[in-house]
Amino acid sequence: MSVHRVAVLALAGMAPLDLAIPLQIFAPRAETPYEISVCGPDSPVLTDSGFAMAVTSGLETLDTANTLIVPGFAPGALPRPFPQAVLDALVTAHDRGRRVVSICTGAFVLAEAGLLDGLHATTHWQYIDELEREHPAVHVDRDVLYVDEGDILTSAGVCCGIDLCLHLVRRDLGATVANQIARGIVAAPHREGGQTQYVPAPVANAGDTALADTRAWALERLGEPLTVAQLSRRAGMSERSFMRRFAEETGTTPLQWLMSARMGLARELLEATDHSVDVVARDSGLGSAANLRLHFRRTLNTTPTAYRRAFSRRVPSGRT
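Numbered per mature numbering (1 follows the signal peptide of the UniProt record, and there is no 0), the sequence shown spans residues -20 to -1, 1 to 300.
Following this line, the structure appears as structure tokens:
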């Protein structure tokens, strides 16, 4: 496979977890073409956790990378001003067709470079107001996990960086490979970027009934008709309580979650089997081939046949 180079930009005050996310997801694997490196203007770099980290290459690495990722900074650690050499290097790389990505408050670096002007973008919910105030030319999306603007992508806080990086793998290599990586790192199931980033009660309180088992049960039965009434009975709740608790745990509704899961299964079936479009539609719970085509057109702007043709042998190289 053609090599796809990923460069992670290490800046003073960065959050180590934000750096670790792309290093883990884009680590070299037999089924992927990724090569990843850490670059920056200085070495060593002092993280916001108080320890220093060696950087293996300089900003020149941005010229040879296909994807550039800017990690975020912990609360209170946003450095000002950002190095002008870094901002110039990001602009130059983007002008040359590189894909540029930020995790969490790394969006401030892209905004300072002017790369987000006129685009939709997001960041950690605690810094939404600050991003909007400091960069009025940016269309700030407040309640999303990540925003995909083609060759510029931004994510909300910390764990949303996992969602965004897996989304990139899904774009590059398809759902099967992305799901393999997700399972390998024990990540949550695929979450669409449009879900809300701030979930009021993401973890069940002691004695409460979490819905993880109900969701796992549903994932084993995506090809069957599933209703909110069935799911709520499985969870042992009233429909109203189930709907409220489901939104608290996932940031979306049961029906939206089911649709996302069924689309994910349909993509895997198209990539990994030679089943007809009718069979894929049936087995994924999307009903008819016409309905499957409708949802592929709406969500992916393509057809099931074109998707299968693209991801049966497509690998990322250069701009995606």
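Beta carbons: idealized from backbone N, C-alpha and C, even for Gly.
Quick caveat, the model's predicted, so the values are computed rather than measured.
Ordered along the chain, which non-local residues of its own chain (more than five positions away) have a Cβ less than 7 Å from that of residue i?
i, result
"L191", "A215, R225, F226 and E229"
"S218", "S212"
"M243", "H275 and T279"
"S23", "A34 and V35"
"H100", "H119, D121, V127 and E129"
"N271", "A261"
"R150", "A158"
"S268", "A261"
Report all residues from its chain with a CB closer than 6 Å to the CB of residue i; omit the five preceding and five following residues, and keep chain order.
i, result
"A45", "R(-16) and A(-14)"
"D188", "Confidence at D188 is low in this model, with a pLDDT of 41, below 50, so the placement of that residue should be treated as unreliable; the coordinate-derived value is given next. Taken in chain order, the list of residues that qualify is empty."
"P(-5)", "T27 and S29"
"E11", "V157"
"D131", "R79"
"V89", "V50 and F62"
"L96", "L90 and V118"
"E251", "G154, T156 and F291"
Residue i and residue j: beta carbons closer than 8 Å?
i, j, result
"V260", "L274", "no"
"I49", "I142", "no"
"residue 301", "A91", "With the chain represented from -20 up to 300, any question about residue 301 goes unanswered, as that position is not in the structure."
"C84", "S135", "yes"
"L199", "A167", "no"
"G203", "D258", "no"
"T102", "A87", "yes"
"L266", "A241", "no"
"P63", "P21", "yes"
"V138", "D(-3)", "yes"
"A(-9)", "V25", "yes"
"S(-19)", "P13", "yes"
Within 10 Å of its beta-carbon, does residue i have 16 or more other beta-carbons around it, so buried, or fewer, so exposed?
i, result
"D152", "buried"
"D75", "exposed"
"E40", "exposed"
"R9", "exposed"
"P51", "buried"
"A32", "exposed"
"C140", "buried"
"T47", "buried"
"G154", "buried"
"R288", "buried"
"T285", "exposed"
"E114", "exposed"
"I5", "buried"
"T232", "buried"
"A117", "exposed"
"Q16", "Reading off the sequence, residue 16 comes out as Ile, not Gln. It counts as buried."
"A93", "buried"
"N185", "Since pLDDT at N185 reaches only 36, below the 50 mark, its modelled position is unreliable, and no value is offered."
CB-CB under 8 Å to residue i, same chain, minus the five flanking residues each way: which ones, in chain order?
i, result
"W237", "R195, F226 and T230"
"T282", "F276 and A290"
"W197", "R214"
"L42", "A(-14), L(-12), C19, L48, A69, L70, T72, A73 and R78"
"F222", "L191, V208, L211, S212, A215 and P234"
Less than 7 Å separating the Cβ of residue i from some heavy atom of the ligand ZN?
i, result
"T282", "You won't find the ligand ZN in this model; it holds no ligand whatsoever."
Closest Cβ-Cβ distance between residue i and chain C: below 8 Å?
i, result
"D43", "Structure shown: chain C not included; a single protein chain is present."
Next on the checklist: Would the region 63 to 79 count as touching the region 99 to 118 if we require 3 or more Cβ pairs under 8 Å?
Outcome noted: The region 63 to 79, when compared against the region 99 to 118, does not touch it at the 8 Å Cβ threshold.
Checklist entry - Taking three-plus beta-carbon pairs below 8 Å as touching, is the region 156 to 165 in contact with the region 193 to 213? => result Touching, no, given that fewer than three Cβ pairs across the two stretches are closer than 8 Å.
Item to check | 4 or more residues per run - each alpha helix (DSSP H) lying fully within the region 29 to 91 | outcome: Runs of the alpha helix (DSSP H) spanning 4 or more residues and lying entirely within the region 29 to 91 occur at 64 to 75, in chain order.
Checklist entry - At what residue ranges does the region 137 to 163 contain a whole run of the beta strand (DSSP E), taking only runs of 3 or more? => result Taking 3 residues as the minimum length, the region 137 to 163 contains no beta strand (DSSP E) run wholly inside it.
Item to check | Uninterrupted alpha helix (DSSP H) stretches inside the region 251 to 295 (no shorter than 4 residues) | outcome: Whole alpha helix (DSSP H) segments, 4+ residues: 257 to 263, 269 to 280 and 284 to 291.
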